[in-house]
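Here is the structure we will look at.
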Amino acid sequence: MDFNDPKFKEIFFAIHSDMPREGPGNEASLLRALSFMKELAQDPCILDIGCGPGTQTVDLAQHTRGVVLGLDNHAPFIQDLDQKIAAHNLGHRMLALVGDMTNLPFRDRSFDCIWSEGAAYLMGFENALKNWKSLIKPGGYLTVTEAVWLKTGAPEPVRKLWEEYPDLKDIEANVEIIKSCGYKLVEHFTLPVEAWWENYYTPQEERHKVLRSKYAGDPEALKIIEVSQMEIDIYRDYSDYYGYEFFICRVQ
């Protein structure tokens, strides 16, 4: 699928607009990650990179006492986050920004924590870790999720699904990258299966049903919808082969 194709863009955003999340994750996993960050500043300044519509960004603000900035390059997602900030009366300590994760407009040592769920891959995991490190205060945290192989011998449908991300590695290889970039690995854990479904794949499947009806006479649109559904079906059948790992890292 070509993201520059107008029809693909139309259907992609029809599927993904007004969704709670743009990747696997849930509040319980966020809280588990925070529980390992025992020396996080009492009033931390946190940057959520690639925040999407910002469900986890708001969760971060609600479960910490500091300032939380959400950054994404897709303006409609930032509009979604702005609405969430207003709805939760968090405007006094939250800010939503349109920006490029590869060219962040912040001074070195600006943040007690950089948080990023399912977005570091856009730069490449290692590249993201290297580029973001200078923005974190000494003793601060980098907390990220990254897609990983959970076991070897993945069947062909799984291998084909991940062809577009040839850098997909197992957990141990990513741990070595973290250490080579100069971070201390505090803890890591695999996102539970429910973190893929409750606010990500289940809402997508409901949206697919609506869009199949709307685009019933448009074979090109229906094909794009079915490719999206195929990703979900592959996870349903083969979730033991791949997942997302939460890595809690610290700048030494």
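Positions -14 to 237 (our numbering) are the ones given, in order, by the sequence shown. All C-beta atoms, glycine included, are put in the ideal place defined by N, C-alpha and C. Only a predicted model underlies this, so the values are computations on that prediction, with no experimental measurement involved.
**Request:** Round the Cβ separation of PRO38 and TYR185 to the nearest angstrom and send it over; I've been treating them as touching at under 8 Å.
**Result:** On the sequence shown, residue 38 is found 53 positions in, with the first residue counted as 1. On the sequence shown, residue 185 is found 200 positions in, with the first residue counted as 1. Wrong, their Cβ atoms sit about 11 Å apart, outside the cutoff.
**Asked** Taking only runs of the alpha helix (DSSP H) that begin and end inside the segment 60 to 113, which ones reach a length of at least 4 residues, in chain order?
**Response** 60 to 72
**Request:** Given a cut-off of 8 Å, decide if ALA81 and LEU66 are closer than it, judged by their beta-carbon atoms.
**Result:** Position 81 of the sequence shown, counted from the start, is the residue given in the question as residue 66. Position 96 of the sequence shown, counted from the start, is the residue given in the question as residue 81. The answer is yes: Cβ separation under 8 Å.
**Item:** ALA206: first and last residue of the uninterrupted alpha helix (DSSP H) it sits in
**Value:** Translated into the one-based positions of the sequence shown, residue 206 becomes position 221. First-last of the alpha helix (DSSP H) with ALA206: 204 to 223.
**Message:** With DSSP as the reference, identify every bridge partner of GLU172, one or two as the case may be.
**Reply:** Here residue 172 refers to the residue found at position 187 when the sequence shown is read from its first residue. Per DSSP, ILE233.
**Prompt:** Over what stretch of residues does the alpha helix (DSSP H) that includes GLU(-5) continue unbroken?
**Reply:** Here residue -5 refers to the residue found at position 10 of the sequence shown. Unbroken alpha helix (DSSP H) run through GLU(-5): -9 to 1.
**Request:** For LEU56, write down the residues that DSSP places opposite it in a beta bridge.
**Result:** Within the sequence shown, residue 56 is the residue found at index 71, counting from 1. ILE34 and LEU82, per the DSSP bridge assignment.
**Request:** Please report how far the alpha carbon of GLU12 lies from the alpha carbon of ASP44, in whole angstroms.
**Result:** Start at 1 with the first residue of the sequence shown, and residue 12 comes out as number 27. Start at 1 with the first residue of the sequence shown, and residue 44 comes out as number 59. Rounded to the nearest angstrom, the two C-alpha atoms are 7 Å apart.
**Beta-carbon contacts of PRO61 that lie in its chain and below 7 Å, excluding the five residues immediately before and after** = Taking the sequence shown and counting its residues from 1, one reaches residue 61 at position 76. Once the five neighbours on either side are set aside, the close Cβ partners of PRO61 are SER2.
**Message:** Let's test the definition: count the other Cβ atoms within 10 Å of the Cβ of ASN88 and tell me whether it reaches 16, buried, or not, exposed.
**Reply:** Position 103 of the sequence shown, counted from the first residue, corresponds to residue 88. Burial call: exposed.
**Prompt:** Would the beta-carbon of TRP117 fall within 8 Å of that of TYR226?
**Reply:** In the sequence shown, the residue the question calls residue 117 occupies position 132. In the sequence shown, the residue the question calls residue 226 occupies position 241. Taking 8 Å as the Cβ cut-off, TRP117 and TYR226 do not qualify as a contacting pair.
**Asked** Going by C-alpha distance, which of PRO29, PRO5, ARG6 and GLU230 is nearest GLY124?
**Response** As a working mapping, residue 124 is identified with position 139 in the sequence shown. For GLY124, the nearest C-alpha among the options comes from PRO29.
**Request:** Alpha carbon to alpha carbon, how far is SER213 from VAL53? Give it in angstroms, no decimals.
**Result:** Taking the first residue of the sequence shown as 1, we reach residue 53 at position 68. Taking the first residue of the sequence shown as 1, we reach residue 213 at position 228. Those two C-alpha atoms are separated by around 32 Å.
**Asked** How is ALA26 classed by DSSP in three states: helix, strand or coil?
**Response** Counted from its first residue, the sequence shown places residue 26 at position 41. Of the three classes helix, strand and coil, the one that applies to ALA26 here is coil, per DSSP.
**Message:** In the DSSP assignment, the alpha helix (DSSP H) including ALA132 goes from what residue to what residue?
**Reply:** Stepping through the sequence shown from its first residue, residue 132 is reached at position 147. Note, ALA132: premise wrong, no alpha helix (DSSP H); beta strand (DSSP E) at 121 to 134.
**Cβ shell of TYR150 (< 8 Å), same chain only, five flanking positions each side left out** = In the sequence shown, counting from the first residue as 1, residue 150 sits at position 165. Correct list, in chain order: TYR106 and ALA132.
**Item:** Beta-bridge partners of ASP155, as assigned by DSSP
**Value:** Here residue 155 refers to the residue found at position 170 of the sequence shown. BP columns for ASP155 point to TRP134.
**Request:** Following the continuous alpha helix (DSSP H) through PRO142, name the residue where it begins and the one where it ends.
**Result:** Counting from one through the sequence shown, the residue named residue 142 turns up at place 157. From DSSP, the alpha helix (DSSP H) with PRO142 extends over 141 to 146.
**Prompt:** According to DSSP, which residues form a beta bridge with GLY228?
**Reply:** Translated into positions along the sequence shown, residue 228 becomes position 243. In the DSSP output, where bridge partners are listed per residue, GLY228 has VAL133.
**Request:** State whether the segment 187 to 204 contacts the segment 133 to 148, with contact taken as three or more CB pairs (one from each stretch) at a distance under 8 Å.
**Result:** no
**Message:** Restricting to Cα atoms, I'd like to know which of GLY51, ALA104 and ASP85 is closest to ARG78.
**Reply:** Taking the first residue of the sequence shown as 1, we reach residue 78 at position 93. Selected option, being the one with the closest Cα: GLY51.
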